[in-house]
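Notes for the one structure printed next.
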Amino acid sequence: MTLTEWFSLACILMLGAVSPGPSLALVIRNTSRSGPVTGLLTAIGHGAGVALYALATAFFLGALLHTHPQMLLVIKGIGIVCLLYFAWGALRSQGISGLESNTSGPRRNGLLDGFLFSFTNPKLMLFFVALFSPFLQEGFSVSDKLLITTTAGVIDGGWYALVVLLISQPLIFRQLVRAGKWLDRAMGVVLLVVAGRLLLL
1 MTLTEWFSLA CILMLGAVSP GPSLALVIRN TSRSGPVTGL LTAIGHGAGV ALYALATAFF
61 LGALLHTHPQ MLLVIKGIGI VCLLYFAWGA LRSQGISGLE SNTSGPRRNG LLDGFLFSFT
121 NPKLMLFFVA LFSPFLQEGF SVSDKLLITT TAGVIDGGWY ALVVLLISQP LIFRQLVRAG
181 KWLDRAMGVV LLVVAGRLLL L
């Protein structure tokens with residue numbers, strides 16, 4: 001892979017990461033509920049899920065879906081169930097009572113939330129299949145495939161970690177805490193919409 005090819009791929013991955021969506025809402029929600037450490041763990045988990053999806057796409061998934069397109073239905077079904085689960089939890093949220101609650105949240109859940117949220121997103125798989133197809137030509141080396149998957153994970157996790165650091169500034173963080181219940185419920189609505197759109201695909 002040439003430097004020009006890598007740079008163009010990295011730019012597309014960055015644009016995909018920074019576009020607002022449910023993943024950004026999840027990072028903001030976990031940060032406002034349980035503090036910046038949980039937010040950073042969510043970012044790391046999300047980046048790990050993205051990297052694993054990219055790895056699977058680069059080595060296996062593209063060929064598998066080409067020969068067994070029915071597998072997409074299975075992956076889509078899992079994604080819808082997980083989206084509905086996240087939406088139900090967000091809609092039932094009562095927010096948090098104060099800043100003291102922010103440091104006592106389940107930190108491990110942030111890592112798991114981020115990972116599952118990205119890894120069960122079938123649109124992410126389709127994105128990588130489409131994005132990587134020009135690069136996964138015959139003879140593409142293992143090191144090149146590892147490079148593009150690492151790039152995907154680092155860009156995604158790094159972007160959301162930056163978001164956490166920005167929104168963890170005291171003034172911004174207090175505003176997020178006050179609006180916590182409504183942020184949760186807004187996220188729940190967004191997730192329901194995403195699940196509905198995915199069901200209609």
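Residue 86 in my numbering is what sits at position 86 of the sequence shown, and the numbering runs on without skipping anything.
The beta-carbon is built from N, C-alpha and C at its ideal position, and this holds for glycine as well.
Beta carbon of residue i nearer than 9 angstroms to that of residue j
i	j	result
T57	F115	no
V27	A17	no
G45	S118	yes
I148	M14	no
A54	F128	yes
L24	L111	no
D144	N30	no
L199	S32	no
L83	P22	yes
CA-to-CA distance, residue j to residue i, given in whole angstroms
i	j	result
P36	S168	6 angstroms
V154	G47	6 angstroms
D156	V163	11 angstroms
R185	L91	5 angstroms
V142	Q70	27 angstroms
V74	N121	12 angstroms
K181	V189	13 angstroms
F60	A152	16 angstroms
L64	A179	44 angstroms
Y160	I12	16 angstroms
L146	T4	17 angstroms
G158	K76	27 angstroms
I78	K123	12 angstroms
A10	L52	17 angstroms
L166	L126	30 angstroms
Chain D contact for residue i (CB, 9 angstroms cutoff)
i	result
L165	The question asks about chain D, but that chain is absent: this structure has only one protein chain.
Reduced DSSP secondary structure (H/G/I, E/B, other) of residue i
i	result
H68	coil
R197	helix
A43	helix
T2	coil
S93	coil
A48	helix
A186	helix
A87	helix
A10	helix
Extent of the continuous alpha helix (DSSP H) run through residue i
i	result
G157	V142 to I167
R29	P22 to S34
S118	R107 to F119
Cβ-heavy atom distance, residue i to the ligand NAP, below 8 angstroms
i	result
L165	The ligand NAP is not part of this structure, which contains no ligands at all.
Any chance the segment 186-195 sits against the segment 81-95, with 3 or more Cβ pairs inside 8 angstroms?
Taking 8 angstroms as the limit for Cβ pairs, the verdict is that the segment 81-95 does touch the segment 186-195.
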